[in-house]
Structure formats: structure tokens, C-alpha cells
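Structure record follows, encoded as C-alpha cells.
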Amino acid sequence: MIEVESSSEENSLAAIFQNRDFRLLWTSQLFGQSAQNAILFVQTVLVEGLTRSSGLVGLAVLIYNLPSILFSLPTGVVLDRFRKKNILLFCNISRVFVVAGFVFFRRYAQGGGLLTAVYALTFVLSTIGQLSDPAESAMVPLLVPCDQLLTANSVFHLLFNVSPVLGVLVLAPLSLKMGGIDGAFATISLTYVITAGLLWPISAREPRPDPHPSKDVLSRFWEDLKAGWEFIIARSSVLIAIGQHALLTMLTMIIAVLASGFVNRVLGMEPTDAIYIFFSAGLGMFLTTMWTGRIGHRFRRQSLAAIGLLITGLALAGFTFIAWNSEMGATSVAEPSLRVIAQVVSMALALGVGGTLAVVSAQTIVQEQSPVGIRGRVIATEFLFTSVVGLVPMLLISSLADIVGIPAVLAGLTVLVVTSAVLSFHVRPSRSDF
Numbered sequence: 105m106i107e108v109e110s111s112s113e114e115n116s117l118a119a120i121f122q123n124r125d126f127r128l129l130w131t132s133q134l135f136g137q138s139a140q141n142a143i144l145f146v147q148t149v150l151v152e153g154l155t156r157s158s159g160l161v162g163l164a165v166l167i168y169n170l171p172s173i174l175f176s177l178p179t180g181v182v183l184d185r186f187r188k189k190n191i192l193l194f195c196n197i198s199r200v201f202v203v204a205g206f207v208f209f210r211r212y213a214q215g216g217g218l219l220t221a222v223y224a225l226t227f228v229l230s231t232i233g234q235l236s237d238p239a240e241s242a243m244v245p246l247l248v249p250c251d252q253l254l255t256a257n258s259v260f261h262l263l264f265n266v267s268p269v270l271g272v273l274v275l276a277p278l279s280l281k282m283g284g285i286d287g288a289f290a291t292i293s294l295t296y297v298i299t300a301g302l303l304w305p306i307s308a309r310e311p312r313p314d315p316h317p318s319k320d321v322l323s324r325f326w327e328d329l330k331a332g333w334e335f336i337i338a339r340s341s342v343l344i345a346i347g348q349h350a351l352l353t354m355l356t357m358i359i360a361v362l363a364s365g366f367v368n369r370v371l372g373m374e375p376t377d378a379i380y381i382f383f384s385a386g387l388g389m390f391l392t393t394m395w396t397g398r399i400g401h402r403f404r405r406q407s408l409a410a411i412g413l414l415i416t417g418l419a420l421a422g423f424t425f426i427a428w429n430s431e432m433g434a435t436s437v438a439e440p441s442l443r444v445i446a447q448v449v450s451m452a453l454a455l456g457v458g459g460t461l462a463v464v465s466a467q468t469i470v471q472e473q474s475p476v477g478i479r480g481r482v483i484a485t486e487f488l489f490t491s492v493v494g495l496v497p498m499l500l501i502s503s504l505a506d507i508v509g510i511p512a513v514l515a516g517l518t519v520l521v522v523t524s525a526v527l528s529f530h531v532r533p534s535r536s537d538f
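No gaps in the numbering here: position 258 of the sequence shown is 362 in our numbering, and each next residue is one more.
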């Protein structure tokens, strides 16, 4: 299972952040991702104020998520035809003007015209995000050595989970409270300006893109898409890693939906007590980030992903037994004991550890084994696959929980994840993986 002999100091978090270009990219995305999460919150507040309709607010959320399905594959081709840094600069500068558009239409439009403009700008803003997110992921391997990539991805995974908290719980509420909706949009625009300013001085070791000028644009475009898919199918380790990432994304969505019902209907606690699960999982995420920064680079990525899945499966098994014991009356539903709460916290901690280890390792495999010339298409395909595979089962399984009960759903998820972990341990790289 040992892979390399690099020293812990060379792969530590401190060493990663001594890399000026990586530090600038990470800091820029701390601002950019926080703004991206804040803008959706502000948009929902705006639509609610205009319509007083939960259905129309839901439509705004649907429109925001639609580009992830429509444009993920085409953006992969764009990523491989232009420099990643230039794409990120274009995206963040464009966002400044799109967000300013919300303020413009709020002042000069009203009624149905204003609502239509809000939906249109929401769609455009989300489409830009489909280009910037994979560009950011594809840029990480250009800034750090291969033996530091696992640590770098671990740090970015932590960022992706911290930025929603900063955006939704800090940036959006504070800017709304202090400046109203227009003030919030202005603050978010400024945040995107800061993001672009941090990206500007980055010096990436990026080969000159080949735009492949051709008269038959559609034919060339289809060939580019096909090349990405053919690579993924031929490279079994990349295909498996994308599948593992999609499985964990689906699981994260399902847990987020079921958490409040689990603590309320199963344990008899207040729905807000789901914070115990989220906080503990976040702590596990942080501890895993620290561990990968110290010694995680010594191990095979495939082994780490399999171990992460196994830990996740065991944590789900623990949640399942807790739920069954509660339903069978082994625990007082009205007043769960401290022992039960401690068990829930422990399982959530393990869930954060296992999920983070598996996702970070899978993401690293995809980045390491994808050639620079098609890396954008591969990562964009990964983003599409994780979005679609995560969203559809989440909707179905969440509804299934109302029919068969949360414990039964947890048991099914346990079997799925543990089986995936066992299969991951037995998979051997094919010759095409070398």
C-alpha cells in the first residue's frame, strides 16, 4: 500500500501554502466560492419578496441547477482550448457585470419583466459557474507537484465545504442586513473583483492550448467530446474514481436531506439538533485534511479511496443500528440518552473522515491520470456525472424514506457503500492505466 517516500514536511499543509501560486488560487476561491453560494441565497430572497410563492422560489433554484446538466460536457471542450487562468479571470469578471445586472433590472423593471430578468440572470450566472468550477479543479495539478496533489485536493475539498457556510451564513445575511438586496449584490460583485485580483498574478505551468481551427466546427466539437469519453472508458482507474466520487456525492445529498428527519422522527430530538451530525462530519473532514497533509501521500490513491468507502459504510451501518434500536424501543424516543448522542456524534465523525478520504483520493486519481490535453473534458464529465447521479437518486431515495422509513433506507445505503468498498479493494489497474 506504500506508494512514495516523500517526506511529510514536503507534503504538509504548511508546505502547500508556501507555494505562492497555490495560495493565491486557494484564497481566490475562498472568496469566489463564498460569493457563489451567497448569490443563490440573495436570489431566493429577491424572488420571495417579488412573488411570495415557494413554487417560484423553487423554480429559481431549478434554473440555477439546470446549466450543470446542459453545459458540463461542452465546457470541458472549452477548458482544453484555452488557458485555465484566463478562463477563471473571464468568469469572475463576467460575474461582476451579471450581478450588477440584478441591480439594474431592480431599478428599471417591475412585475413579470423583473422576475423574467432575475431568472435569466440566474441562468447566465450559473452557466458561468459550470465553466469556472472545472477550470479551477483542472488548474490545481498545474500549480503543485504530483506528490503534493493529494494534500492540495484535500485542502480544496475542505474549502468547498466551508465556503457554503461563509456564503450562506455570513456573507449573504450580513450584506442583506446592512445594505438590503442591492447592497448584497454590490458586496458580492466586489467579492468577485477581489477573486479576479487574486487570480491575476498566478503563474501556471500551462502548455499553450491548441485551438484546432476548423471549418467543420460541429464535427470537431463532437470529436473532442468523444475523445474525453473514450479516455474515461478505456482508463478503468479513472472510470472507477469518477463512480466513487458520484456515489459519495449522492450519499452527501441524501444525508443532508435525511439528517433532520433522523434526529426528529427516529431519535425524538429537535430537527435543529441535526447540527450534531453536520458539525461532527465537518470535524472529521478537517481531521482527514490534516492527516492527508502529513502522511496521506505515502499511500496508493486507490487504496485510500477504498478505505474511505469502507469507513463510510461502517458509519452508515452504525446509524442504521442506532435507528433500529430507537424504533424498537431500546432507547427512549422522548429523551435520547447521552450514550445515543455520543454514538451519533461518533458515526457522523467517521462519516466525515471516510467521505472526505474517498472523495479526495478519487479526485486526485482523475487529475493525476488525465493527460493535460484532455483533462478539462475529463473533469467536466466528472462534474456532470456526479451532478446527475447525485441528484436523481437523492430525490427518489428521499421520497422512499417516507414510505419504508429512514432505518430501511440507511440499511440499503450501507449495503451499497460497503459493497462498493469491497469491490474497490479487489479492483486491479489494467495495462491502460499505466
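Glycine is no exception: its CB is placed at the ideal position from the N, C-alpha and C atoms.
Extent of the continuous alpha helix (DSSP H) run through residue i
i, result
"Ser293", "276 to 303"
"Leu407", "Strictly speaking, residue 407 in this sequence is Ser, with Leu absent from that position. Element bounds for Ser407: 405 to 431."
"Cys250", "Cys250 -> no alpha helix (DSSP H), and no H or E assigned at all."
"Val470", "442 to 473"
"Ser307", "Careful: Ser307 lies outside any alpha helix (DSSP H) and carries neither H nor E."
"His401", "From DSSP, His401 is part of no alpha helix (DSSP H); its letter is neither H nor E."
"Ala204", "188 to 212"
"Leu355", "340 to 365"
"Gly477", "Element bounds for Gly477: n/a, residue is neither H nor E."
"Leu514", "510 to 530"
"Leu270", "Per DSSP, Leu270 belongs to no alpha helix (DSSP H) and is neither H nor E."
"Leu117", "117 to 122"
Own chain, CB closer than 8 Å to residue i, minus 5 neighbours either side, in chain order
i, result
"Gly386", "Asn265, Gly456"
"Leu183", "Ile191, Leu235, Pro238, Ala239, Ala242, Arg479, Gly480, Arg481, Ile483, Ala484"
"Ala308", "Asp125, Arg187, Lys188, Lys189, Met243, Leu246, Leu247"
"Val222", "Gln147, Leu150, Val151, Leu154, Ala164, Phe206, Phe209"
"Leu527", "none"
"Ile232", "Cys195, Ser198, Arg199, Val202"
Spatially closest choice to residue i from the options, by CA coordinates
i, options, result
"Phe544", "Thr393, Ala452, Tyr168", "This structure leaves residue 544 out entirely; the chain is present only between 105 and 538."
"Asn196", "Val464, Leu303, Ala118, Phe208", "Leu303"
"Leu414", "Thr155, Phe289, Leu275, Val519", "Val519"
"Ile510", "Ile285, Ile426, Val181", "Ile426"
"Ala287", "Ala118, Val207, Leu192, Asp184", "According to the sequence displayed, residue 287 carries Gly and not Ala. Comparing Cα-Cα distances from Gly287 to each of Ala118, Val207, Leu192, Asp184, the minimum goes to Val207."
"Met357", "Leu174, Val492, Thr523", "Val492"
"Gly459", "Leu183, Met389, Leu247, Arg398", "Met389"
"Glu327", "Leu134, Leu170, Arg481, Phe529", "Arg481"
"Glu334", "Arg124, Ser132, Ser474", "Ser474"
"Val470", "Glu310, Val244, Tyr212", "Val244"
"Pro277", "Gly412, Leu150, Thr424, Gln133", "Leu150"
"Ile167", "Arg127, Val181, Ile306, Leu229", "Leu229"
"Leu362", "Thr393, Leu514, Ile173", "Leu514"
"Val522", "Gly284, Val367, Ile359, Thr416", "Thr416"
"Val531", "Ala409, Leu253, Ser503, Val259", "Ala409"
"Ala525", "Val444, Gly412, Leu504", "Gly412"
C-alpha distance - residue i paired with residue j, whole-angstrom precision
i, j, result
"Ile143", "Phe186", "27 Å"
"Val200", "Gln122", "30 Å"
"Ala297", "Trp130", "Residue identity check: residue 297 is Val in the sequence provided, not Ala. Each residue's alpha carbon lies about 15 Å from the other."
"Val420", "Gln137", "Note that residue 420 corresponds to Leu in the displayed sequence, not to Val. Leu420 and Gln137: Cα-Cα distance of roughly 29 Å."
"Lys189", "Ser157", "40 Å"
"Gly516", "Pro497", "13 Å"
"Ile507", "Trp428", "16 Å"
"Asn257", "Thr353", "16 Å"
"Ser407", "Phe529", "7 Å"
"Arg398", "Leu117", "7 Å"
"Ser132", "Phe289", "18 Å"
"Gln348", "Ala213", "46 Å"
"Glu107", "Ala350", "At Glu107 the pLDDT is 48, less than 50, meaning the model places this residue with poor confidence and gives no usable figure here."
"Val437", "Ser364", "Model confidence at Val437 stands at a pLDDT of 46, short of 50, so the residue's coordinates are unreliable; what they give is reported in the following sentence. Going from the Cα of Val437 to the Cα of Ser364 covers about 15 Å."
"Gly162", "Phe145", "12 Å"
"Leu280", "Leu128", "28 Å"
"Ala338", "Tyr380", "43 Å"
"Leu219", "Ile501", "32 Å"
"Leu343", "Val464", "15 Å"
"Arg405", "Gly477", "22 Å"
"Met432", "Ala462", "33 Å"
"Gly283", "Ala331", "49 Å"
"Arg211", "Ile285", "12 Å"
Contacting residues, own chain, Cβ-Cβ under 7 Å from residue i (five flanking each side not counted)
i, result
"Ser293", "Val200, Val203, Ala204"
"Thr179", "Gln234, Leu235, Pro238, Ala484"
"Leu160", "Val151"
Residue i: CB within 8 Å of a non-hydrogen atom of the ligand COA
i, result
"Pro268", "As far as ligands go, the structure on display features none, and thus does not contain the ligand COA."
Own chain residues within Cβ distance below 6 Å of residue i, not counting five before or after
i, result
"Pro268", "Asn141"
"Phe135", "Thr295, Ile298, Thr299"
"Ala345", "Ala466, Ile469, Val470"
"Phe227", "Ile167"
CB contact check: residue i to chain C, cutoff 9 Å
i, result
"Ser279", "Of the protein chains in the structure, only one exists, and it is not chain C."
Give, in chain order, every unbroken run of the alpha helix (DSSP H) that is at least 4 residues long and sits entirely within the stretch 126 to 181.
-> With a minimum length of 4 residues, the continuous alpha helix (DSSP H) runs that stay inside the stretch 126 to 181 are 158 to 174.
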